[in-house]
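Below is one structure, written out as structure tokens; comments come after it.
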Amino acid sequence: MFKKYMKAFLIACCSLFVLTGCGNNSNSNSSSSTAKTSTLDGKWEAVDFRSSVERSLGYQDFDEEKATRLSYSDGWKDLAPTLNISNNKVEFEYTAPMRTCLGNFYDYYLKKYSASTISKDGFIKARFSKLKTDLATYQSHMKYTTYDSNDNDYTVHSLLRNGKIDTKNHTITFPETPNILQLVVLSIADVKNEKTYNYSIEGDILTLTLESRDEVNDVTAYFKVKFKKVPETKDKE
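All the letters of the sequence shown, read from the start, carry residue numbers -20 to -1, 1 to 217 under mature numbering (1 follows the signal peptide of the UniProt record, and there is no 0).
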């Protein structure tokens, strides 16, 4: 008789444990779902964008000894473009510092032209002036991308407007290809072309992905850029 009652007691305890566990799992799943749900609206800042810089430059030039790839990768190691999202509209924005990049080019330049007497500051100023001329030419052919140069700190601010988000298909389409001064391009196509990226969002991380085919060079390029949601308090500062 004792065993009979003991068995019933154990069954009741097990049932209570299972019900409690299910309740906890339900709450856990609910919390997990909540954690994974983040509104797209707001500012998203690129995370470890240097890897995207190196990947883009690598697709353009596989020779790692070239000054271009190494100079920009180092000069833009802290570059963090943002996605500015409001409803179904998105902008791609960044400010690119050029002093370190051009300084790296100067060091490379002296290795080839050791007899040159131009100073590093003079070299940076001259190259930045040429860059401004090039950007003015680029912008004349672009409808949605702007480049604004600052001679005081050798930076260039750029904004790509009129991007659109399709939340049903999880895509973001830009009327022109996102790029950094047309030196780093998040595709292997012409920057004037419209470009559609797939996106996924988990927690406060938004990931853009693109598979781009280059038939001429028989290369399939893969791009992945992660963005972290900027807290509203930081965004307002």
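Just so it is clear, CB atoms sit at the ideal spot from N, CA and C, and this is done for glycine as well. Computed from a predicted model, the values in this text were never measured in an experiment.
- Its Cα nearest to that of Leu59, the residue Ser32 stands out among Arg49, Ser32 and Asn67.
- A straight line joining the alpha-carbon of Pro158 with that of Glu34 spans about 15 Å.
- If the five residues before and after Ile185 are omitted, its C-beta is found closer than 8 Å to the C-beta atoms of Val27, Lys206, Phe207, Lys208 and Lys209, all from its own chain and listed in chain order.
- The straight-line gap separating the alpha-carbon atoms of Asp21 and Glu212 is approximately 11 Å.
- Comparing C-alpha distances from Tyr74 to each of Asn84, Leu140 and Tyr39 shows the shortest one belongs to Leu140.
- Contact between Tyr127 and Leu161 holds, since their C-beta atoms are separated by about 7 Å, short of 8 Å.
- Taking C-alpha positions only, Ser51 is separated from Asp170 by approximately 23 Å.
- In this chain, the alpha helix (DSSP H) harbouring Ala116 covers Lys100 to Ser120.
- Rounded to whole angstroms, Leu111 and Thr151 show a C-alpha spacing of 33 Å.
- For the 8 Å CB-CB criterion, Gly55 and Pro77 form a contact.
- The alpha-carbon separation between Lys92 and Tyr86 amounts to approximately 10 Å.
- Judged by DSSP secondary structure, Asp28 falls outside any beta strand (DSSP E); it is assigned neither H nor E.
- Lys69 places its beta carbon 8 Å or farther from that of Arg30.
- Ser138 counts as buried, since no fewer than 16 other beta carbons sit within 10 angstroms of its beta carbon.
- Glu156 sits in coil when the DSSP states are folded into three classes, being neither helix nor strand.
- Of the residues Gly38, Glu71, Ser36 and Arg49, the one whose Cα lies closest to the Cα of Glu25 is Glu71.
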